[in-house]
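*Asks:* Residue numbers (the UniProt record's numbering): 1 to 325.
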Amino acid sequence: MPNSHLQMNAEQTRPWKNRSTVEEFILLGFQEHSIFLFLTFLGIYLAILLGNGLIVVVTTWDSALHTPMYFFLRSLSGLEMCYTSVTLPKMMANLLSGDLSISFPACATQMFFILFLGGTECFLLAAMAYDRYLAVCLPLHYMRLMSRKVSVGLVAGSFAISLPMQLLQVGLIFSLPFCGPKIDHFFCDIPAVLSLACADLYANEVSVYTENILFVIVPFVLILTSYAYITRTILRMPAGTGQQKAFSTCSSHLTVVSLFYGSVMLVYLHPQTPDSVKSDKVLSLLYTVIIPLCNPLIYTLRNREVKSSLSRLMSRKKRSEVSTG
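(1) My output table needs one value for F187: the three-state DSSP class, helix, strand or coil.
(2) Can you give me the C-alpha to C-alpha distance between S308 and A47, rounded to a whole angstrom?
(3) When we look at the beta-carbon of D200 and count the other beta-carbons within 10 Å, is it buried (16 or more) or exposed?
(4) Going by alpha carbons, who is nearest to L176 out of Y142, S195, Q110, F187?
(5) Quick one: is K281 buried, meaning 16 or more other Cβ sit within 10 Å of its Cβ, or exposed?
(6) Measuring only the C-alpha atoms, how far is S97 from S207?
(7) Comparing alpha-carbon positions, which option in H141, A127, L27 lies nearest I223?
(8) With C-beta atoms as the reference, is F30 less than 8 Å away from F186?
(9) Check whether the Cβ atoms of Q252 and N303 lie closer than 8 Å to each other.
(10) DSSP three-state call for E121: helix, strand or coil?
(11) Taking all protein chains shown into account, decide if R74 is buried (16 or more other Cβ within 10 angstroms of its Cβ) or exposed.
(12) So, for G51: in the same chain, excluding its five sequence neighbours on each side, which residues have a beta-carbon less than 6 Å away from its beta-carbon?
(13) Using 8 Å as the cut-off, can you tell me whether the region 164–171 makes contact with the region 113–124, which would need three or more C-beta pairs spanning the two stretches below that distance?
(14) Please list the terminal residues of the continuous beta strand (DSSP E) segment that includes S103.
(15) Beta-carbon separation of L27 and I102 under 8 Å?
(16) When you compare each of L79, P68, N94 to E32 by their alpha carbons, which one comes out closest?
(17) Looking at T300: is its Cβ nearer than 8 Å to the Cβ of L310?
(18) Please state if the CB of C122 and the CB of P219 are separated by a distance shorter than 8 Å.
(19) Restricting to Cα atoms, I'd like to know which of Y130, Y83, R132 is closest to T109.
(20) Below 8 Å on the Cβ atoms is my contact criterion, and I expect V256 with I298 to pass it. Report the Cβ-Cβ distance as a whole number of Å.
(21) Helix, strand or coil, according to DSSP, for E32 in the structure here?
(22) CA-CA distance, Q243 and T231?
(23) Between which two residues does the alpha helix (DSSP H) containing L163 stretch?
(24) Within a Cβ cutoff of 6 Å, which residues of the same chain sit near M111, ignoring the five residues on either side of it in sequence?
(25) Which parts of the region 60–102 are runs of the alpha helix (DSSP H), unbroken and 4 residues or longer, counting only runs that do not cross its ends?
(26) What three-state label does DSSP hand L27 in the structure shown?
(27) Rank T288, S248, E305, M81 by C-alpha distance to the C-alpha of L259 and give the top, closest one.
(28) Quick one: measure Cβ to Cβ for L76 and L124, integer angstroms, because I've assumed they're closer than 8 Å.
(29) What's the C-alpha gap between D99 and E24?
(30) When DSSP labels each residue in this structure, what does A135 get in the three-state scheme?
(31) Quick one: does L168 have its CB under 8 Å from some CB of chain B?
(32) Given A129, which residues of its chain have a CB within under 6 Å of its CB, disregarding the five upstream and five downstream residues?
(33) Can you give me the Cβ contacts of M237 inside the same chain, cut-off strictly under 8 Å, excluding the 5 residues immediately before and after it?
(34) Go through its chain and collect everything with a Cβ distance to M146's Cβ below 7 Å, but skip five positions before and after it.
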């Protein structure tokens, strides 16, 4: 996720003759209470893998969940596991070993995957909103308009749109000269890395601004438009179970969208100040850790079909253990 309000800090205003070649960066991250934080993030990381992995297994195992809606949910859960795996293992390794370094290529690779997976998630959430729009507003045409080919194409398209833009973005950033190696963050985030650059950032600002529009604003507007039509359709339904079912169908996704876009906009679309990099470090935990942890709970606790499938899976496992025992 890029930031459209980049400003050069004191290091960026140094004379360019003071530039140095940076071969590795230092991720300052969270240095206090390292053992406690390591155990905390380890528990969270395992919970993220377990929760999202369980959704992937259940929606794959149960043929009743082989529908476009659960195909999107399975894709989102897989994406969340990959997204979290880009940041948390490195942060935990730094906390445990005390070695805060990350090589120049590793930092560029980490930033690419953060941007790539984050941008993909923005469009995937928009595709899920479109799926809910068709299910609620055009139910008679749903299976024709949201065929397996279309749903696979929407997921593949979400990845395809993000890939070239993020390669360009990372290439522009890591072709810059850097004045120092210390990144005041727990991963290689755009504002924290650019704050070390000793160069004119105009091209980067244009690139970041373009990505903000394409990957944050456009999908968010599409989601809002879908839910405007969904709300209008629901309000026109006769009062009763039809409205409740429609609201139930959309509530989980709408909750995830609110959490994700709320945290992303809070971190990346506010004006930057000298102290904002430090506050962004803490706020970044929202979309890199907290939301991937909450998503499985949101979709299982508020979805009868997923809970029913989980119960059948657990019952089948128990019967298998009894028979083998």
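For glycine and all other residues, C-beta sits at the position ideal for the given N, C-alpha and C.
*Replies:* Put simply:
(1) Correct three-state label for F187: coil.
(2) Straight-line spacing of the CA atoms in S308 and A47 works out to 21 Å.
(3) D200 is exposed by the Cβ-count criterion.
(4) Nearest of Y142, S195, Q110, F187 to L176, Cα basis: S195.
(5) Taking all protein chains in view, the Cβ of K281 is crowded by 16 or more other Cβ atoms within 10 Å, so the residue is classified as buried.
(6) Spanning the two alpha carbons is a distance of roughly 36 Å.
(7) Per the Cα distances, A127.
(8) Cβ distance < 8 Å, so F30 and F186 count as in contact.
(9) The sequence given here has Ser at residue 252, not Gln. A distance below 8 Å separates the beta carbons of S252 and N303.
(10) The answer is helix: DSSP assigns E121 an H, G or I state.
(11) When all chains shown are included, R74 counts as buried.
(12) The residues are P296.
(13) Yes, they touch.
(14) Per DSSP, the continuous beta strand (DSSP E) segment holding S103 begins and ends at 101–103.
(15) A contact, by the Cβ cut-off of 8 Å.
(16) In terms of CA proximity to E32, N94 leads the group L79, P68, N94.
(17) Going by C-beta atoms, T300 is nearer than 8 Å to L310.
(18) The Cβ atoms of P219 and C122 lie closer than 8 Å to each other.
(19) The candidate whose alpha carbon is nearest that of T109 is Y83.
(20) The Cβ separation is near 6 Å, so the contact holds.
(21) Coil.
(22) Their backbone Cα atoms lie some 10 Å apart in a straight line.
(23) In the DSSP assignment, L163 falls within the alpha helix (DSSP H) that extends over 148–173.
(24) Excluding sequence neighbours, M111 sits near V170, C188.
(25) The region 60–102 contains, as complete alpha helix (DSSP H) runs of 4+ residues, the segments 68–97 (chain order).
(26) Residue state for L27 is assigned as strand, using DSSP reduced to three classes.
(27) In terms of CA proximity to L259, T288 leads the group T288, S248, E305, M81.
(28) With 8 Å as the limit, L76 and L124 qualify as a contact, their Cβ atoms being about 6 Å apart.
(29) Each residue's Cα considered, the two are about 12 Å apart.
(30) If DSSP states are grouped into helix, strand and coil, A135 belongs with the helices.
(31) In summary, chain B is missing from the structure at hand, where a single protein chain is found.
(32) Only I223, S226 meet the Cβ criterion.
(33) Excluding residues within five positions, the ones whose Cβ falls inside 8 Å are Q243, A246.
(34) If we look at M146 and ignore the five residues flanking it on each side, its Cβ neighbours are P68, D131, L134.
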